[in-house]
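A.B. asks: In UniProt numbering, the protein residues as written are 1 to 241.
Have a look at the structure that comes next, please.
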Amino acid sequence: MRIDKLLANMGYGTRKEVKTLLKSGNVRINGNPEKSAKTHVNPEEDQVTVMGEEVEYRKYIYLMMNKPGDLISATEDAHDPTVIDILQPEDQVFDPFPVGRLDKDTEGLLLITNDGQLNHRLTSPKKDVGKTYFAIIDGKVTEEDVQIFAKGITLDDGYHTKPGKLVVLHSDEVSEIELTITEGKFHQVKRMFEAIGKEVTYLKRIMVGALELDEELDLGEYRELTDEEVEYLMNITNLDS
Numbered sequence: 001m002r003i004d005k006l007l008a009n010m011g012y013g014t015r016k017e018v019k020t021l022l023k024s025g026n027v028r029i030n031g032n033p034e035k036s037a038k039t040h041v042n043p044e045e046d047q048v049t050v051m052g053e054e055v056e057y058r059k060y061i062y063l064m065m066n067k068p069g070d071l072i073s074a075t076e077d078a079h080d081p082t083v084i085d086i087l088q089p090e091d092q093v094f095d096p097f098p099v100g101r102l103d104k105d106t107e108g109l110l111l112i113t114n115d116g117q118l119n120h121r122l123t124s125p126k127k128d129v130g131k132t133y134f135a136i137i138d139g140k141v142t143e144e145d146v147q148i149f150a151k152g153i154t155l156d157d158g159y160h161t162k163p164g165k166l167v168v169l170h171s172d173e174v175s176e177i178e179l180t181i182t183e184g185k186f187h188q189v190k191r192m193f194e195a196i197g198k199e200v201t202y203l204k205r206i207m208v209g210a211l212e213l214d215e216e217l218d219l220g221e222y223r224e225l226t227d228e229e230v231e232y233l234m235n236i237t238n239l240d241s
């Protein structure tokens, strides 16, 4: 890893600011002054200090965002702003990406990381990691619907989903529900309800596994996961933390 990327990732400024820092002579690698931004280091073996203080290397970043309903769950998009666009520069330097995807108009819990292995495990259907959504439904959701969802739903393309756990919070002409599924097919929640003749008018993801969306986060806000939350995700995906 280049020394300028390492220092930028560790919060010592932008690449331009880091180059100025290097030129000042205040950066040392294994005790030797280093002024070239192009120098490569092994952050797990080399000792890097800035003004005498050792740089603690951090490889991965783990974030929880309360995604608003006007952002694309992608790293970049030619037409619309993405969830990565609203991250602070000190977080963007880690080159993070969203874990799975939420539809543009879907709000709620979105995990963002640069840990590719965790991303793969969390999104793999084989792991059966539940994703729980709160939804407002145009139509009366009944106990019969609960039983139908428990057996899986055949979508418009013929695909039969895995069973979903449907909980009815309020049943009327407009209903409120929570639904837990372990897959992430395109528009899956909306298409599951369309299959039983009902329409999702509002959708928000509130939980991944047992990890709940932080209620303190307003739409568009995010925070780092705690060590305990990261450990939980590692445990449910059988990864060593």
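The C-beta atom is built at its ideal place from N, Cα and C for all residues, glycine as well.
1) Out of I86, N114, F134, I236, which one is the CA nearest neighbour of Y222?
2) Taking the alpha carbon of G197 as the reference point, which residue from D157, E183, D138, P98 has its own alpha carbon closest?
3) Out of curiosity, what's the CA-to-CA distance linking T132 and H79?
4) Report yes or no: do three or more beta-carbon pairs, one from the segment 53 to 61 and one from the segment 6 to 23, lie closer than 8 Å?
5) Determine the DSSP secondary structure at A210, reduced to helix, strand or coil.
6) Candidates L203, L233, D214, Y232: which alpha carbon is nearest G69's?
7) If you follow the beta strand (DSSP E) that Y159 is part of, which residue opens it and which one closes it?
8) What whole-angstrom Cβ distance do F149 and L166 have, given they're in contact under 8 Å?
9) Please look up how many angstroms separate the CB atoms of P98 and L110, rounded, as I've assumed it's under 8 Å.
10) Do you know offhand how far L17's Cα is from E212's?
11) May I have the straight-line CA-CA distance separating G52 from F134, to the nearest angstrom?
12) Is the segment 140 to 157 in contact with the segment 89 to 104, if contact means three or more CB pairs nearer than 8 Å?
13) Among the residues of its own chain, which have a CB less than 7 Å from the CB of S241, if the five just before and after it don't count?
14) Apart from the five residues just before and just after K23, which ones in its own chain have a Cβ nearer than 6 Å to its Cβ?
15) Inspect the beta-carbon positions of D46 and N30 and report whether they are closer than 9 Å.
16) Just tell me which of Y62, I84, L63 has its CA closest to the CA of L71.
17) Can you find a heavy atom of the ligand MG that lies under 8 Å from the Cβ of P43?
18) Just to confirm my understanding: we take L169, look at its own chain, exclude 5 residues before and 5 after, and list those with CB closer than 7 Å. What are they?
19) With a floor of 3 residues, list each beta strand (DSSP E) that falls wholly inside the UniProt domain "RNA-binding S4" (1 to 61), ordered by position along the chain.
20) Could you give the distance in angstroms between the alpha-carbon of V174 and the alpha-carbon of T237?
C.D. replies: Considering the structure as presented:
1) Mapped onto the sequence shown, residue 222 falls at position 222. Considering only alpha carbons, the answer is I86.
2) Here residue 197 refers to the residue found at position 197 when the sequence shown is read from its first residue. Of the candidates D157, E183, D138, P98, the one whose C-alpha sits nearest the C-alpha of G197 is D138.
3) Here residue 132 is taken as the residue at index 132 of the sequence shown, counted from 1. Here residue 79 is taken as the residue at index 79 of the sequence shown, counted from 1. Distance between the alpha carbons of T132 and H79 is about 29 Å.
4) yes
5) Residue 210 sits at position 210 when you count from the first residue of the sequence shown. A210 falls in the coil class under three-state DSSP.
6) In the sequence shown, the residue the question calls residue 69 occupies position 69. Minimum Cα distance to G69 is reached at L203.
7) By 1-based counting over the sequence shown, the position of residue 159 is 159. Element bounds for Y159: n/a, residue is neither H nor E.
8) The residue labelled residue 149 in the question sits at position 149 within the sequence shown. The residue labelled residue 166 in the question sits at position 166 within the sequence shown. Right, their Cβ atoms sit about 4 Å apart.
9) Along the sequence shown, read from residue 1 onward, the residue named residue 98 stands at position 98. Along the sequence shown, read from residue 1 onward, the residue named residue 110 stands at position 110. The pair is a contact, with the Cβ atoms about 6 Å apart (cut-off 8 Å).
10) Position 17 of the sequence shown, counted from the start, is the residue given in the question as residue 17. Position 212 of the sequence shown, counted from the start, is the residue given in the question as residue 212. Strictly speaking, residue 17 in this sequence is Glu, with Leu absent from that position. C-alpha separation (whole angstroms): 37 Å.
11) In the sequence shown, counting from the first residue as 1, residue 52 sits at position 52. In the sequence shown, counting from the first residue as 1, residue 134 sits at position 134. Roughly 51 Å separates the two Cα atoms.
12) no
13) The residue given as residue 241 occupies position 241 in the sequence shown. Any answer about S241 is weak, because its pLDDT of 44 lies below 50 and its placement is not dependable; what the coordinates show is given next. Same-chain partners within the cutoff: V230, E231, M234.
14) Counted from its first residue, the sequence shown places residue 23 at position 23. Excluding residues within five positions, the ones whose Cβ falls inside 6 Å are K35.
15) Locating residue 46 in the sequence shown gives position 46, where the first residue counts as 1. Locating residue 30 in the sequence shown gives position 30, where the first residue counts as 1. Result yes, Cβ atoms of D46 and N30 sit closer than 9 Å.
16) Counting from one through the sequence shown, the residue named residue 71 turns up at place 71. L71 has its Cα closest to that of I84, out of Y62, I84, L63.
17) Inclusion of the ligand MG in the displayed structure is not the case, the ligand content being empty and no account of it being possible.
18) Walking along the sequence shown from the start, residue 169 turns up at place 169. The answer, listed in chain order, is E176, I177, E178.
19) 27 to 29, 48 to 50
20) In the sequence shown, residue 174 corresponds to position 174, counting from 1. In the sequence shown, residue 237 corresponds to position 237, counting from 1. Their backbone Cα atoms lie some 36 Å apart in a straight line.
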